[in-house]
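There are 2 protein chains.
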Amino acid sequence: MKHCWHRFSQVFFAVIGSGRETTANTVEPQGRGVAADGNARGSSGRGQVTITDVARLAGVSPGTASKALNGRGGISPDTTQRVRQAADRLGYQPNALARGLLTGRSCTVGLITTDSFGRFSIPVMQGAEDALGPGSMSVFLCDSRDDRIREQHYLRTLLERRVDGIIVTGRRQDPREPVGSGLPVPVVYAMTQSTGPADLSLVPDDMQGGGLAVGHLLSTGRTRIGHVTGPLRFAASRLRAHGAEAALAETGLAMAGGGPLYGEWTEEWGRQATDALLRSAPDVDAIFCGNDQIARGAADAVRDTGRSVPDDVALVGFDNWEVIATACRPPLTTVDMNLRELGRTAAERLLAAINGQFAAGVQRLPCSLVLRESSRPRQPSALRPGLLADGPPPWPARPAD
Amino acid sequence: MKHCWHRFSQVFFAVIGSGRETTANTVEPQGRGVAADGNARGSSGRGQVTITDVARLAGVSPGTASKALNGRGGISPDTTQRVRQAADRLGYQPNALARGLLTGRSCTVGLITTDSFGRFSIPVMQGAEDALGPGSMSVFLCDSRDDRIREQHYLRTLLERRVDGIIVTGRRQDPREPVGSGLPVPVVYAMTQSTGPADLSLVPDDMQGGGLAVGHLLSTGRTRIGHVTGPLRFAASRLRAHGAEAALAETGLAMAGGGPLYGEWTEEWGRQATDALLRSAPDVDAIFCGNDQIARGAADAVRDTGRSVPDDVALVGFDNWEVIATACRPPLTTVDMNLRELGRTAAERLLAAINGQFAAGVQRLPCSLVLRESSRPRQPSALRPGLLADGPPPWPARPAD
DNA sequence: CCGCAGCAGGAAAAGCTTTGCGTAACGATG
DNA sequence: CATCGTTACGCAAAGCTTTTCCTGCTGCGG
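Top to bottom, those sequences are chains P and R.
Going by our numbering, the first sequence opens with residue 10, and the numbers climb by one from there.
Going by our numbering, the second sequence opens with residue 10, and the numbers climb by one from there.
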């Protein structure tokens, strides 16, 4: 109180002196309005309110103010109240830099994506943010763009900023070099895989996903199932195909068309391959596609031959890329890699590692199936009950049409 | 305990104690190898190498080491060299927290997106990262998910972290409340618009984009042009329609179908509306669509009526959403909002503001046109030369087919 | 009435870097 | 030989928060 007038003059000085008088940018110096007591700004040099300002206003020492605000140490309720009010009035916000410097924890994690916010890294980032943001953790975003130089630059920056941990994410599921060795902070790889044996990598279980898709088609009574997928060089293609073939083999069936058709991840390839498949094996009654774009191309190709989806040929895609899957005619049943969940898990593992609980190796997280029209059973009567036992009936009963 | 992995012996402890004995987690404590002098780590308490450690190894004072490393002040080349070597050997990384605390600049900006990394905010983020990341600026990522509570939480966090500035981005171009008032750091709104008159907002110029699309169609000789777009309540729909109508009016034409058809941003609506439009105005020879999804639906609908794209009906979309536009049959000519550029610009404006150069108001950045098959001219001979004057011929001459 | 215990709060240091100023040494010039 | 100037480096403070240790006061019990 006694300092009121004294500090008023300084506030005045700060506003004038900051050279901000140019534009129509007449920001009030403080959100809650200076009018309250004319004492909105602290008196430190840089205009930011410090705990010393709060302490002075409350008539206590900075240490006491700190304890009062953080609820640590024996501070009387009366004093606590006074400090709180002072902090409120000044709009005090503790300086996280100073705190981090002192405690050695910046409450910050780095997120390096090798895949400029692509379709796969985004849900992962989102999930990670889900798990970190609402807490006290902040996320540093770095887009390395698959460039080792950039990556190293960002890594250095992150370490300079003393992040508590790092998440690396990207499009490729094929193993990659570790981002660095002997780093002072834990690293978790999500939707990408490190060759470092001590690193923890989280990836979707493509094989399980492939099995899921084919198992579902089998459960709806399809038996002549083909597979059109992406390039052979992608681990994802191979694993999905593998899972699909394994599921077929379990029932004693072989893949229609003689095996997986490897190509591109495009609608165009989906059309071409489906066309060829329907020619070489006209009795195909289902196609499992390596991604949703291929599936959409397949849907078009099936229709173009006069067949119907799903009555003649059922389709299952992969990725659950909403905009593709729902716009498909008919809407596409597809495998969801639960990437958001994967990102969330990655963040949780990272937090665990920060707290000293490490893990290592490659962990594959299960995919799930999203049911839509493209794999609706033809005739409810044709369902083989045994195969339906493992799940609820996917569709409401529907008179044969 | 928590930071135990820095020292070699402590790593060992951590590995055993954390149940990680399974893996070959033999991380070298330092990338460049401990062997060098057996003293790769500094001797300060927390295991991070400080400038004091470097100074000691180089046989100088911390202040001198700082000056040597930053090239400030008269330091002899010899000493500089020695300090550099020491820093290298120890793997010294300056503590950005301490530096930020001292200089008052954290070299950090906050990026708040209201639109969980949606299709529109992503390119903006990417562009912002383009402009900031390679420099010394780091980006804090916050996903407010259109929730004011979350937004305020993030805002507080960012201010505590003493960011130098904030970029707000989101899906909506309709004006929104400012993120806060009287903030101590500059804010730039990108792909979203603040109602605060002192705020700077950067948005794409939808009206210009609409004009661009229609101008292009006119230049290819189309005259009976319809417009199918999204909901009337979106400013974007209205502005694009407005631009389209203005461009038509300039040539003395009216919009086919009696005016814009407002609906949803979906393929489904694109099909429906196009179907209706072709029924009510069978001589339509071009449709400008409010986004690429609508356009893709329109392409399907046009084909379903037995007409051809682009020979009977030309199509132009909006957004240049690659996966949609290129998968369309035929590939889609579309308006690109240059969102990445917009993000980059936002970042540059923010940097300018951080350096004291403020600006305010709503700035609309021009869209551009991406030419693909869906608007190829029917007959080169039918081109009206006058209308082509304002640009190079979009396609190589092609014998009528 | 005196002494001790307990509680509230103060003082100071630590955490790391940068920078201004002071100083020491050395070479050069009068 | 003495003094001045210059170069090279050290010292110390600042920047803000947290925490530990310590002091002073109050109240109660002996």
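Idealized CB from N, CA, C, for every residue including glycine.
P:G241 by DSSP, collapsed to three states: which one?
It is Leu, not Gly, that sits at residue 241 of chain P in the sequence shown. P:L241 falls in the coil class under three-state DSSP.
At a Cβ threshold of 8 Å, is P:R170 touching chain R?
yes
Which chain R residues are close to P:L103, counting only those with a beta carbon under 7 Å from its beta carbon?
A small fix is needed here, since residue 103 of chain P is Pro in this sequence, not Leu. Here the neighbours are E169.
Residue-chain proximity (R:S125, chain P), Cβ-Cβ < 8 Å
yes
Return the residues of the region 194-205 of chain R that lie within a Cβ-Cβ distance of less than 8 Å from chain P, sorted by chain order.
none
Span separating the alpha-carbon of R:V133 from that of P:G326:
30 Å
Helix, strand or coil: which one does DSSP assign to R:Y101?
coil
Going along chain R in order, which residues have a C-beta closer than 7 Å to the C-beta of P:T166?
Those within 7 Å of P:T166 in chain R are S147.
Do we get a CB-CB distance below 8 Å when we pair R:A44 with the residues of chain P?
Confidence in R:A44 is poor, its pLDDT being 31 and thus under 50, which makes the residue's placement unreliable; the coordinate value appears in the next sentence. Not closer than 8 Å to any Cβ of chain P, the Cβ of R:A44 fails to qualify, so no.
Boundaries (first-last residue) of the alpha helix (DSSP H) holding P:V311
301-313
Along chain P, which residues have their Cβ under 9 Å away from the Cβ of R:C298?
Those do not exist, as R:C298 stays about 14 Å from chain P at its closest Cβ, beyond 9 Å.
Using beta-carbon positions only, say whether P:A253 and P:D215 come within less than 8 Å of one another.
Cβ distance not < 8 Å, so P:A253 and P:D215 don't count as in contact.
Helix, strand or coil at R:V196 [DSSP, three-state]
Here R:V196 carries a strand assignment [DSSP, helix/strand/coil].
Would you say R:D152 faces chain P, with C-beta separation under 8 Å as the test?
yes
Unbroken beta strand (DSSP E) run spanning P:S210, endpoints
Per DSSP, P:S210 belongs to the beta strand (DSSP E) from 209-213.
Mark P:D313 as exposed unless 16 or more other C-beta atoms lie within 10 angstroms of its C-beta, in which case mark it buried.
exposed
Drop a sphere of 10 angstroms on the beta-carbon of P:Q302, count the other beta-carbons inside from all chains shown, and report buried for 16 or more, exposed for fewer.
Burial call: buried.
Once you ignore the five residues that flank P:L423 on each side, which residues in its own chain have a CB closer than 6 Å to its CB?
For chain P, the structure presents residues 10 to 410; residue 423 of chain P sits outside this window and is missing.
Output needed for P:N104: all residues of its chain with C-beta closer than 6 Å, excluding positions within five of it in sequence on either side, in chain order.
none
If you follow the alpha helix (DSSP H) that P:R157 is in, where does it begin and where does it stop?
157-169
According to the neighbour-count rule (16 or more other Cβ atoms, all chains shown, within 10 Å of its Cβ), is P:R358 buried or exposed?
Burial check for P:R358: the Cβ neighbour count within 10 Å reaches 16 or more, so the residue is buried.
P:D173 versus R:L141 - alpha carbon distance
22 Å
How is the alpha helix (DSSP H) around R:L374 delimited, first residue to last?
No alpha helix (DSSP H) holds R:L374; the beta strand (DSSP E) holding it covers 370-374.
Cβ neighbour criterion (16 or more within 10 Å) applied to P:R280:
Looking at its Cβ environment, which holds 16 or more other Cβ atoms inside 10 Å, P:R280 is buried.
Take R:A137 as the anchor and find which of R:M346, R:Q90, R:I84, R:V177 has the nearest alpha-carbon.
R:V177
At a Cβ threshold of 8 Å, is P:M415 touching chain R?
Residue numbering for chain P in the displayed model covers 10 to 410; residue 415 of chain P lies beyond these limits and cannot be assessed.
Just the chain R side, please: which residues come within less than 9 Å of P:E273 by C-beta, in chain order?
Residues of chain R passing the Cβ test: none, with the nearest at roughly 12 Å.
Flag P:L248 as yes if its beta-carbon sits less than 8 Å from any beta-carbon of chain R, otherwise no.
It does not; no Cβ of chain R falls within 8 Å.
Euclidean distance between Cα positions of R:G179 and R:S203
11 Å
Mind checking the region 310-343 of chain R against chain P and listing, in chain order, the residues whose C-beta falls within less than 7 Å of any C-beta there?
A336
From R:G219, R:Y163, R:A282, R:R170, residue whose alpha carbon lies closest to that of P:R108
R:R170
Quick one: is R:R165 buried, meaning 16 or more other Cβ sit within 10 Å of its Cβ, or exposed?
Per the 10 Å Cβ criterion, exposed.
Give, in chain order, every residue of the region 263-297 of chain R whose Cβ lies closer than 9 Å to some Cβ of chain P.
T275, E276, E277
R:P193, buried or exposed, once every other Cβ within 10 Å from all chains shown has been counted against 16
Here R:P193 is buried: its Cβ has 16 or more other Cβ atoms, across all protein chains shown, within 10 Å.
Mark R:R381 as exposed unless 16 or more other C-beta atoms lie within 10 angstroms of its C-beta, in which case mark it buried.
buried
According to DSSP, P:A323 sits in a beta bridge with which residue or residues?
Paired residue(s): P:A295.
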